[in-house]
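These protein sequence lines are chains B and A, in that order.
The opening residue of the first sequence carries number 97 in our numbering; numbering runs sequentially from there.
The opening residue of the second sequence carries number -11 in our numbering; numbering runs sequentially from there.
Just so it is clear, CB atoms sit at the ideal spot from N, CA and C, and this is done for glycine as well.
Data first, discussion second: the structure below is written as structure tokens.
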Amino acid sequence: MLIVDDDLDMCELLGAELTARGFDPSLETDPGRALDSLRSRHVDVVVTDLWMRGMSGVELCERIVSMHPELPVVLLTAHGTLESAVAALRVHAFDFLAKPPDLDALVAAIDRAVRHRRLAEEVRVLGESTDALETFEGIIGASPPMRELVQLVGRVAAVDAAVIVRGESGTGKELVARALHERSRRRGAFVALNCAAIPESMLEADLFGHVKGAFTDARADRAGLFERARGGTIFLDEIGELDLSLQPKLLRALQERVIRPVGSDREIEVDVRLVTATNVDLARAVEQHAFRADLYYRLNVIEIVVPPLRERGRDVLLLAQHCIERAAREMERDVVGLTASCAARLMAYSWPGNVRELANVIERAVALTRSSRLTVDDLPAAVRAASALPTATLAVAEDLVPLEEVERRYIRRVMAATGGNKTLAAQILGVDRRTLYRKNWEERSDGAQPSSVKGAS
Amino acid sequence: MSTDDRDGAKAGAAIAATRTRAATDLLPKYVAHRERDVATLRAALAQGDFETMARIGHNLRGNGVSYGFPEIAALGEAMEQAVTARQARGIEAQVALLEEWLARVGARVRTER
């Protein structure tokens, strides 16, 4: 962090206050020298006074932003007047505070600015490297749960056992099923069917085929999915919707490896691997007699759980960048990435519709945007309104309390869950350790000062 | 105890209640800088260097409150106004007030250290 103020007393005081709060600021009383120093050094944020000799804070901010567009500048204005606020906005200051600044507000602004800077850097790196990230049969993700998933898929693919893929709607269960097929030794076709999308009366014929005259519209023999996927893989999505009357037939196909087309008296041997998927709790369906226990156990030899997008951290940005590149190519639009603010909203949103929803949001934004980088304004209202706090905090806000209190409670919960391990808690909360230290310190009733903590540069 | 001493002590007590630890640690430096300001202002007055006087006035207005001295901020503001109006006597009056403040509060800061 760089503090610029031509009043040495203010510069040193601000430096001392921020050092006491765990930062490691550099001080500069000459705005010209500050600008020069930024050509050769990396800082996360610049805090500058507005009224300075030689160069005003507004001019300094303008020149910094033109030199380093993603370096946030926090302006300290003498009186917090409307004119200075407007000037600060005009030169794209990240934030502005009236002098003398309330130190908690300043630290909060700096924390936001540092997060913004790091996110911007991450977004920039993403823009350069998403092509290389599509490493596993179209599955994109670098988060720990996705790395585990990819490893599991790699191991399971080689084993010719039935697999059930569980996960919320839109998480990419079919992609996982397809990856299982592609990475297996099976050279036959991959055939997918959504059990909920086919009328019950037609599902049997679709699965097992039919002979001519089996029913009114059966004008010729027709092979079912099991025959078409011979030597390959059948993927049955929403298996929980499979009618009870069809379940014994599917069980027989799996156990005996034979099927009987509708209307036929002849059995056909089949060699397929069955991968199924569901977003309902099949074990409960078995308890409620809506699903046969013997079929459930036959399908559930290996279970793969696809995590919801909200648990995949920075994968949201990887996927967003991938979707931007794909949509821009298809629509022939000159869109290359996201702004940091837009990225922050995407990270904050809970994505109930998961990757499918994200892809739709990005496609719409690419179609409508007037910028080369998607902005917050290009997002739908629900995503725009997403809070910067992790969505999981909602779980602790059962009574209606101020946002600050929600944050306090959630930090306490994460600290308890990690056994007081601040490094781990900071990782989970997505804040740096220093920020957590400060927040947690505020929580302590004895009010004791925390010992020195290394901060941002 | 003289009236001035009492005022100084009162100001000191009020200040100690609001000043942060970082500001307290920097107080000797702050006082030394104000002593330097008095010398600079006297020289600027002699040379009619209003720009320097305006800068010092502005800085006092900005840093006074942050160091827990609202009277310094008020003094800085009055000095800026006098500079704008080119009123040398008004500026002199503020320099005298600054000297008086140094005699009261500056001495106290030194003894507290």
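Neighbour-count burial assignment, residue i, 16 or more Cβ in a 10 Å radius
{"i": "residue 498 of chain B", "result": "exposed"}
{"i": "residue 545 of chain B", "result": "Unreliable placement is indicated for residue 545 of chain B, whose pLDDT of 38 sits below 50; the coordinate value is still reported in the next sentence. Per the 10 Å Cβ criterion, exposed."}
{"i": "residue 287 of chain B", "result": "buried"}
{"i": "residue 306 of chain B", "result": "buried"}
{"i": "residue 405 of chain B", "result": "buried"}
{"i": "residue 120 of chain B", "result": "exposed"}
{"i": "residue 72 of chain A", "result": "exposed"}
{"i": "residue 59 of chain B", "result": "Residue numbering for chain B in the displayed model covers 97 to 553; residue 59 of chain B lies beyond these limits and cannot be assessed."}
{"i": "residue 311 of chain B", "result": "exposed"}
{"i": "residue 93 of chain A", "result": "buried"}
{"i": "residue 172 of chain B", "result": "buried"}
{"i": "residue 185 of chain B", "result": "exposed"}
{"i": "residue 384 of chain B", "result": "exposed"}
{"i": "residue 165 of chain B", "result": "exposed"}
{"i": "residue 344 of chain B", "result": "exposed"}
{"i": "residue 82 of chain A", "result": "buried"}
{"i": "residue 138 of chain B", "result": "exposed"}
{"i": "residue 179 of chain B", "result": "exposed"}
{"i": "residue 228 of chain B", "result": "Here residue 228 of chain B scores only 46 on pLDDT, less than 50, and its place in the model is too uncertain to base an answer on."}
{"i": "residue 132 of chain B", "result": "exposed"}
{"i": "residue 409 of chain B", "result": "buried"}
{"i": "residue 300 of chain B", "result": "buried"}
{"i": "residue 247 of chain B", "result": "exposed"}
{"i": "residue 464 of chain B", "result": "exposed"}
{"i": "residue 374 of chain B", "result": "buried"}
{"i": "residue 417 of chain B", "result": "buried"}
{"i": "residue 144 of chain B", "result": "buried"}
Local conformation of residue i per DSSP, three classes
{"i": "residue 502 of chain B", "result": "helix"}
{"i": "residue 363 of chain B", "result": "coil"}
{"i": "residue 376 of chain B", "result": "coil"}
{"i": "residue 124 of chain B", "result": "strand"}
{"i": "residue 412 of chain B", "result": "helix"}
{"i": "residue 190 of chain B", "result": "coil"}
{"i": "residue -5 of chain A", "result": "At residue -5 of chain A the pLDDT is 44, less than 50, meaning the model places this residue with poor confidence; the figure from the coordinates comes in the next sentence. The answer is helix: DSSP assigns residue -5 of chain A an H, G or I state."}
{"i": "residue 434 of chain B", "result": "strand"}
{"i": "residue 236 of chain B", "result": "coil"}
{"i": "residue 47 of chain B", "result": "As shown, chain B starts at 97 and ends at 553. That puts residue 47 of chain B outside it, with no answer to give."}
{"i": "residue 355 of chain B", "result": "strand"}
{"i": "residue 486 of chain B", "result": "Only weak support is given to the placement of residue 486 of chain B: the predicted model assigns it a pLDDT of 37, under 50, and the question is left unresolved by the model."}
{"i": "residue 306 of chain B", "result": "strand"}
{"i": "residue 146 of chain B", "result": "coil"}
Delimiting residues of the beta strand (DSSP E) encompassing residue i
{"i": "residue 262 of chain B", "result": "259 to 262"}
{"i": "residue 340 of chain B", "result": "Unbroken run through residue 340 of chain B: none, as it is neither H nor E."}
{"i": "residue 11 of chain A", "result": "It is not in any beta strand (DSSP E) - residue 11 of chain A instead sits in the alpha helix (DSSP H) that spans 9 to 35."}
{"i": "residue 474 of chain B", "result": "Counting along the chain, residue 474 of chain B falls outside any beta strand (DSSP E), and DSSP gives it neither H nor E."}
{"i": "residue 331 of chain B", "result": "329 to 333"}
{"i": "residue 100 of chain B", "result": "98 to 100"}
Amino acids of chain A, ordered along the chain, whose beta-carbon sits closer than 8 Å to that of residue i
{"i": "residue 201 of chain B", "result": "The contacting residues do not exist; residue 201 of chain B stays about 14 Å from chain A at best."}
{"i": "residue 427 of chain B", "result": "Under the 8 Å cutoff, chain A gives no residues; its nearest Cβ is about 52 Å from residue 427 of chain B."}
{"i": "residue 106 of chain B", "result": "47, 50, 51 and 54"}
Amino acids of chain B, ordered along the chain, whose beta-carbon sits closer than 9 Å to that of residue i
{"i": "residue 53 of chain A", "result": "195 and 196"}
Opening and closing residue of the alpha helix (DSSP H) in which residue i lies
{"i": "residue 288 of chain B", "result": "Residue 288 of chain B -> not in any alpha helix (DSSP H); beta strand (DSSP E) instead, spanning 286 to 290."}
{"i": "residue 270 of chain B", "result": "269 to 278"}
{"i": "residue 397 of chain B", "result": "Run containing residue 397 of chain B: none; DSSP gives neither H nor E here."}
{"i": "residue 40 of chain A", "result": "38 to 54"}
{"i": "residue 256 of chain B", "result": "No alpha helix (DSSP H) holds residue 256 of chain B; DSSP gives it neither H nor E."}
{"i": "residue 173 of chain B", "result": "First-last for residue 173 of chain B: 169 to 173, but that is the beta strand (DSSP E), not the alpha helix (DSSP H)."}
{"i": "residue 162 of chain B", "result": "153 to 163"}
Listed by chain order, chain B residues near residue i by CB distance under 8 Å
{"i": "residue 64 of chain A", "result": "Those within 8 Å of residue 64 of chain A in chain B number zero; the least Cβ separation is about 11 Å."}
Contacts that residue i makes with chain A (C-beta to C-beta distance below 9 Å)
{"i": "residue 109 of chain B", "result": "8, 10, 11, 14, 18, 51, 54 and 55"}
{"i": "residue 455 of chain B", "result": "Within 9 Å Cβ-Cβ: nothing; residue 455 of chain B doesn't reach chain A, min ~50 Å."}
{"i": "residue 116 of chain B", "result": "8, 9 and 10"}
Proximal residues of chain A, C-beta to C-beta of residue i below 7 Å
{"i": "residue 97 of chain B", "result": "Residues of chain A passing the Cβ test: none, with the nearest at roughly 15 Å."}
{"i": "residue 113 of chain B", "result": "8 and 10"}
{"i": "residue 103 of chain B", "result": "47, 50 and 51"}
Heavy atom of the ligand MG within 8 Å of residue i beta-carbon
{"i": "residue 473 of chain B", "result": "Annotation note on the ligand MG: not contained in the displayed structure, which lists no ligands."}
TODO: Select from the region 31 to 46 of chain A all residues with a C-beta closer than 9 Å to any C-beta belonging to chain E, and list them in chain order.
DONE: Any reference to chain E falls outside this structure, whose protein chains are B and A.
Open item on the list: Against chain B, which members of the region 8 to 30 of chain A pass a CB distance test of less than 8 Å?
Closed with: Correct list: 8, 9, 10, 11, 13, 14, 17, 18 and 21.
Open item on the list: Please list, in chain order, the residues of the region 134 to 159 of chain B that have any C-beta partner in chain A closer than 7 Å.
Closed with: Listed by position, the residues of the region 134 to 159 of chain B near chain A (Cβ gap below 7 Å) are 147 and 149.
- [ ] Give, in chain order, every residue of the region 517 to 534 of chain B whose Cβ lies closer than 8 Å to some Cβ of chain A.
- [x] Contact annotation: in the region 517 to 534 of chain B, no residue has its CB less than 8 Å from a CB in chain A.
- [ ] Please list the residues of the region 203 to 220 of chain B that have a C-beta atom closer than 8 Å to any C-beta atom in chain A, keeping them in chain order.
- [x] The region 203 to 220 of chain B vs chain A, Cβ under 8 Å: nothing.
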